[in-house]
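Number of protein chains: 2
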Amino acid sequence: MLVETYRKMLSGKSVIRELSEFATARGKEIGYENVFDYSLGNPSVPVPQAYTDEMISLLKEMDPNELHGYSPSLTLPEVRKAVAESLNCRFGMDYGPEHIFMTSGAAGAIAHAVRLISQAGDEVLTFAPFFPEYHPYINLSGAVLKVVPPDYKAFQIDFDSFEEMINEKTAAVLINSPNNPSGVVYSKETLTKLAEVLKDKSEKYGHIIYLISDEPYREIVFDGVDAPFVSKFYDNTIMCYSFSKSLSIPGDRIGYVAVNPKCADAETLIQMCGQISRGIGHNCPSAIIQRAVAKCLDITADLSIYEKNMNLIYDTLVGLDIETVRPGGTFYIFPKAPEEDAKEFSKKALTYDLILVPGDSFGAPGYFRMAYCVQTEKVKRSLPVLERFIKDNYR
Amino acid sequence: MLVETYRKMLSGKSVIRELSEFATARGKEIGYENVFDYSLGNPSVPVPQAYTDEMISLLKEMDPNELHGYSPSLTLPEVRKAVAESLNCRFGMDYGPEHIFMTSGAAGAIAHAVRLISQAGDEVLTFAPFFPEYHPYINLSGAVLKVVPPDYKAFQIDFDSFEEMINEKTAAVLINSPNNPSGVVYSKETLTKLAEVLKDKSEKYGHIIYLISDEPYREIVFDGVDAPFVSKFYDNTIMCYSFSKSLSIPGDRIGYVAVNPKCADAETLIQMCGQISRGIGHNCPSAIIQRAVAKCLDITADLSIYEKNMNLIYDTLVGLDIETVRPGGTFYIFPKAPEEDAKEFSKKALTYDLILVPGDSFGAPGYFRMAYCVQTEKVKRSLPVLERFIKDNYR
Numbered sequence: 001m002l003v004e005t006y007r008k009m010l011s012g013k014s015v016i017r018e019l020s021e022f023a024t025a026r027g028k029e030i031g032y033e034n035v036f037d038y039s040l041g042n043p044s045v046p047v048p049q050a051y052t053d054e055m056i057s058l059l060k061e062m063d064p065n066e067l068h069g070y071s072p073s074l075t076l077p078e079v080r081k082a083v084a085e086s087l088n089c090r091f092g093m094d095y096g097p098e099h100i101f102m103t104s105g106a107a108g109a110i111a112h113a114v115r116l117i118s119q120a121g122d123e124v125l126t127f128a129p130f131f132p133e134y135h136p137y138i139n140l141s142g143a144v145l146k147v148v149p150p151d152y153k154a155f156q157i158d159f160d161s162f163e164e165m166i167n168e169k170t171a172a173v174l175i176n177s178p179n180n181p182s183g184v185v186y187s188k189e190t191l192t193k194l195a196e197v198l199k200d201k202s203e204k205y206g207h208i209i210y211l212i213s214d215e216p217y218r219e220i221v222f223d224g225v226d227a228p229f230v231s232k233f234y235d236n237t238i239m240c241y242s243f244s245k246s247l248s249i250p251g252d253r254i255g256y257v258a259v260n261p262k263c264a265d266a267e268t269l270i271q272m273c274g275q276i277s278r279g280i281g282h283n284c285p286s287a288i289i290q291r292a293v294a295k296c297l298d299i300t301a302d303l304s305i306y307e308k309n310m311n312l313i314y315d316t317l318v319g320l321d322i323e324t325v326r327p328g329g330t331f332y333i334f335p336k337a338p339e340e341d342a343k344e345f346s347k348k349a350l351t352y353d354l355i356l357v358p359g360d361s362f363g364a365p366g367y368f369r370m371a372y373c374v375q376t377e378k379v380k381r382s383l384p385v386l387e388r389f390i391k392d393n394y395r
Numbered sequence: 001m002l003v004e005t006y007r008k009m010l011s012g013k014s015v016i017r018e019l020s021e022f023a024t025a026r027g028k029e030i031g032y033e034n035v036f037d038y039s040l041g042n043p044s045v046p047v048p049q050a051y052t053d054e055m056i057s058l059l060k061e062m063d064p065n066e067l068h069g070y071s072p073s074l075t076l077p078e079v080r081k082a083v084a085e086s087l088n089c090r091f092g093m094d095y096g097p098e099h100i101f102m103t104s105g106a107a108g109a110i111a112h113a114v115r116l117i118s119q120a121g122d123e124v125l126t127f128a129p130f131f132p133e134y135h136p137y138i139n140l141s142g143a144v145l146k147v148v149p150p151d152y153k154a155f156q157i158d159f160d161s162f163e164e165m166i167n168e169k170t171a172a173v174l175i176n177s178p179n180n181p182s183g184v185v186y187s188k189e190t191l192t193k194l195a196e197v198l199k200d201k202s203e204k205y206g207h208i209i210y211l212i213s214d215e216p217y218r219e220i221v222f223d224g225v226d227a228p229f230v231s232k233f234y235d236n237t238i239m240c241y242s243f244s245k246s247l248s249i250p251g252d253r254i255g256y257v258a259v260n261p262k263c264a265d266a267e268t269l270i271q272m273c274g275q276i277s278r279g280i281g282h283n284c285p286s287a288i289i290q291r292a293v294a295k296c297l298d299i300t301a302d303l304s305i306y307e308k309n310m311n312l313i314y315d316t317l318v319g320l321d322i323e324t325v326r327p328g329g330t331f332y333i334f335p336k337a338p339e340e341d342a343k344e345f346s347k348k349a350l351t352y353d354l355i356l357v358p359g360d361s362f363g364a365p366g367y368f369r370m371a372y373c374v375q376t377e378k379v380k381r382s383l384p385v386l387e388r389f390i391k392d393n394y395r
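The listed protein sequences derive, respectively, from chains A and B.
1 is the number of the first residue of the first sequence in my numbering; add one for each residue after it.
1 is the number of the first residue of the second sequence in my numbering; add one for each residue after it.
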């Protein structure tokens, strides 16, 4: 008998994927350069040469049995040490290798984090707008994802709704700053208040409510924006990181879990990651890729294009009187649609070959997401089309 | 609250790992070349040069955004196609890309396979002697692993015990041929009879009982041994493969699930793998490694050393009147210990710097495993020590 949980998921097609498939099909008709595809969050800048060089040098110079041998169950010790040292140096933290566990990207990290501290019957809270893949990450671990409605003004946190929803079943709160889809960076004030609520509620309910901090966009922060290091605000923080965006290597599947050294049972949590890994058949990310990123911890791909694109798009939207919160980072922007039904809006945009994703699946109906990880030249060509689309239909 | 399932696993230390740690520590004392470490199943021959060359050429020549971009959720189509074609050509099968899903090794493949067709309350049967990691692979998926006692004569299948244990809760039977730890290859007769029982019992209980075939040692088969292709015997077979042993790349984490084209709902099963993958945060093995193995499907590392080692060890054991089933493949041998308690036997062997793993955790107390993936020169030096150990203590 096929397991219905997974079979049923097959019929629920992702809107993002549908739009992206439309873009590909349309591209074949009219040339992909004429389709203004803002659907997918796929990094568009090349990997740094240093990463490629490091991979080649490992392949050419390291003993092959060592290079291609099994990682120990807690992943490579020298890589964990390098990650800890880089974090300490950059953010003034106190991680040791015993607080780090390498994973297959942030997805793998979140899969481990939720299994560490939640099980069937537990709830994990997240804040809209949020990355819809959190649904399978959380729900297939046994716990249930609950979504706190957005703070529409600034896409920070609506604390009234949050405090209404947090309860004795809350095992963890999952945040994502800089945020997909809003591009917003949580402020010091937001994080301070969040930590206070988590401390109070942990005490009230007699168990730790963990903070799972999903940080794949940590290195994409725009000029003048202060991006506080989340783990500094709350001891019981489990950070989930990915190199997909910082090094433009999403297909390589590499990231890590970093448990705050001050977190209760911090080392035990990391050791448990090794056991979870056995159960999900993960058994460490590729050893060669662990080694290569360990040499590229303090560099990034050239991420400046994202800020350039953001400024172009933001200014155009503001000029069109489209209500938009200015992103502090990422390669997303999340404006309010000029009609109530963002799905209708998105459908109309398609007739202009503009691929915009309605905000419904991000927990914010009436908004839409643009993923501007595309060539700046193409962004420039798309803006007059965007203007025409808005003026034709809404002005 | 930490999840007890995983926390409890921390105290249950693996005997193999303990022995391997002893070997490492002892090696520091007396020189690792003087420790005869038969504990770990770590390939000891280098990766084929073609694999290294392919990796380097991908890194040098492919567009980096394509090379390091996300795999589609069902893994890379050109890789799935290449795997299907290679299997068809080598084994006269009829796989299409729609029957293949790339995973992080056989561990990842089994993690997907069990989640496809079993859930809490279901049982998965396997035959002793068996690979003890099946416990976490199965038990953490929700189902329960049940172990059928060994056929001590030949390490084929004890069908009487099997038929007693199969019942309405049996969702799948998990086999591993060539087998870790016995080295035995299941015969045509065994596989034919197994298929008959599975067909009968599927009918009797009104649901398909799947055969999960774990085949990481498929390419390590010794001269004169007939190794039948398991999927040919039973339509509802889900094959789990790993390149770890055939290409000597266990740390690269690459393998696949291949669902028999004649299996009920074959394509749906593969599509469901993509959903399971989301839930466990796997999201495809590294794209570059998928691409590199796709170019090395019909080659292997030089595996001949394993047969050389087997012959040396087997002949010595037979000469010492140690009861031993001759391996047909793998790099394991599983003789009967000359005293009832194989743990005691293993402990005594340590005083000779011989690292032999007691068979208890493989479901066969009184036996011991030797993993002879070591240099032949070292095997040769170890044999007089083995003889001395046996003669001093048991003759």
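Backbone N, C-alpha and C fix where the C-beta goes; we use that ideal spot for every residue, glycine too.
These figures come from a predicted structure and were not determined experimentally.
{"Check": "With distance defined between alpha-carbon atoms, name the residue in A:I175, A:L140, A:S141 and A:T170 nearest to P150 of chain A.", "Outcome": "A:I175"}
{"Check": "Anything in chain A within Cβ reach of C284 of chain B, meaning under 7 Å, just list it in chain order.", "Outcome": "R253"}
{"Check": "Select from the region 77 to 92 of chain A all residues with a C-beta closer than 9 Å to any C-beta belonging to chain B, and list them in chain order.", "Outcome": "none"}
{"Check": "Determine, using beta carbons only, whether N65 of chain A comes closer than 8 Å to chain B.", "Outcome": "yes"}
{"Check": "Let me check understanding here. Comparing Cα to Cα, which of B:G108, B:N236 and B:E168 lies closest to P216 of chain B?", "Outcome": "B:G108"}
{"Check": "Okay, do the region 230 to 249 of chain B and the region 177 to 194 of chain B touch, 3+ Cβ pairs below 8 Å being the bar?", "Outcome": "yes"}
{"Check": "What number of angstroms, rounded off, separates the C-alpha of R291 of chain A from the C-alpha of K343 of chain B?", "Outcome": "37 Å"}
{"Check": "Using a 10 Å radius around the Cβ and a threshold of 16 neighbouring Cβ atoms, would you call N167 of chain A buried or exposed?", "Outcome": "exposed"}
{"Check": "Applying the 10 Å Cβ sphere with the 16-neighbour rule, what's the burial state of K391 of chain A?", "Outcome": "exposed"}
{"Check": "Using a Cβ-Cβ cut-off of 8 Å, state whether S248 of chain B counts as contacting chain A.", "Outcome": "yes"}
{"Check": "So, is P384 of chain A buried or exposed, given that buried needs 16 or more other C-beta atoms within 10 angstroms?", "Outcome": "exposed"}
{"Check": "Just verifying my parser: in three-state terms, what is the DSSP assignment at G105 of chain B?", "Outcome": "helix"}
{"Check": "Rounding to the nearest angstrom, what Cα-Cα distance links Y134 of chain B and A111 of chain A in this structure?", "Outcome": "21 Å"}
{"Check": "Cβ of E323 of chain B less than 8 Å from any chain A Cβ?", "Outcome": "no"}
{"Check": "Apart from the five residues just before and just after V35 of chain A, which ones in its own chain have a Cβ nearer than 8 Å to its Cβ?", "Outcome": "A23, R26, G27, D353 and I355"}
{"Check": "For C89 of chain B, count neighbouring C-beta atoms within 10 Å of its own C-beta (all shown protein chains included) and say buried if the count is 16 or more, exposed if not.", "Outcome": "exposed"}
{"Check": "For a test of the three-state rule: what should DSSP assign to I238 of chain A, helix, strand or coil?", "Outcome": "strand"}
{"Check": "Closest to T376 of chain A by C-alpha separation, out of A:G319, A:T316, A:P335 and A:K308, would be which residue?", "Outcome": "A:K308"}
{"Check": "Would a check of beta-carbon distances place R278 of chain A closer than 8 Å to chain B?", "Outcome": "yes"}
{"Check": "Determine whether the beta carbon atoms of L67 of chain A and A287 of chain A lie at a separation below 8 Å.", "Outcome": "yes"}
{"Check": "Beta carbons nearer than 7 Å to chain A: which residues of the region 32 to 57 of chain B have them?", "Outcome": "N42, S44, P46, V47, T52, M55 and I56"}
{"Check": "Do we get a CB-CB distance below 8 Å when we pair A287 of chain B with the residues of chain A?", "Outcome": "yes"}
{"Check": "Under 7 Å Cβ-Cβ, which residues of chain A neighbour G69 of chain B?", "Outcome": "N42, P250 and G251"}
{"Check": "For F222 of chain A and G319 of chain A, which I take to be in contact (beta-carbon distance under 8 Å), what is that distance rounded to the nearest angstrom?", "Outcome": "With a Cβ gap of about 19 Å, F222 of chain A and G319 of chain A do not count as contacting."}
{"Check": "Would you mind stating whether D37 of chain A and V374 of chain A have Cβ atoms separated by less than 8 Å?", "Outcome": "yes"}
{"Check": "What did DSSP end up calling A337 of chain A once you bin it into helix, strand or coil?", "Outcome": "coil"}
{"Check": "What's the C-alpha gap between N126 of chain B and S304 of chain B?", "Outcome": "For the record, residue 126 of chain B in the displayed sequence is Thr; it is not Asn. Their backbone Cα atoms lie some 29 Å apart in a straight line."}
{"Check": "Could you tell me which whole alpha helix (DSSP H) segments of length 4 or greater appear in the region 117 to 163 of chain A?", "Outcome": "134 to 139"}
{"Check": "Is the Cβ-Cβ distance between A50 of chain B and I299 of chain B less than 8 Å?", "Outcome": "yes"}
{"Check": "Could you tell me the distance, in whole angstroms, from the CA atom of S161 of chain B to the CA atom of A128 of chain B?", "Outcome": "11 Å"}
{"Check": "Just to confirm before moving on: does the CB-CB distance between A82 of chain A and L297 of chain A stay below 8 Å?", "Outcome": "yes"}
{"Check": "Are the beta-carbon atoms of E380 of chain A and L312 of chain A separated by less than 8 Å?", "Outcome": "Note that residue 380 of chain A corresponds to Lys in the displayed sequence, not to Glu. Contact flag set, yes."}
{"Check": "Rounded to the nearest angstrom, what separates G96 of chain A and I280 of chain B at their Cα positions?", "Outcome": "26 Å"}
{"Check": "Give the straight-line distance between the Cα atoms of K201 of chain A and K169 of chain A, rounded to the nearest whole angstrom.", "Outcome": "11 Å"}
{"Check": "Which residues in chain A have a C-beta closer than 8 Å to the C-beta of P136 of chain B? List them in chain order.", "Outcome": "Q275, R278 and G279"}
{"Check": "Can you tell me where the alpha helix (DSSP H) with I270 of chain A in it begins and where it stops?", "Outcome": "A266 to G279"}
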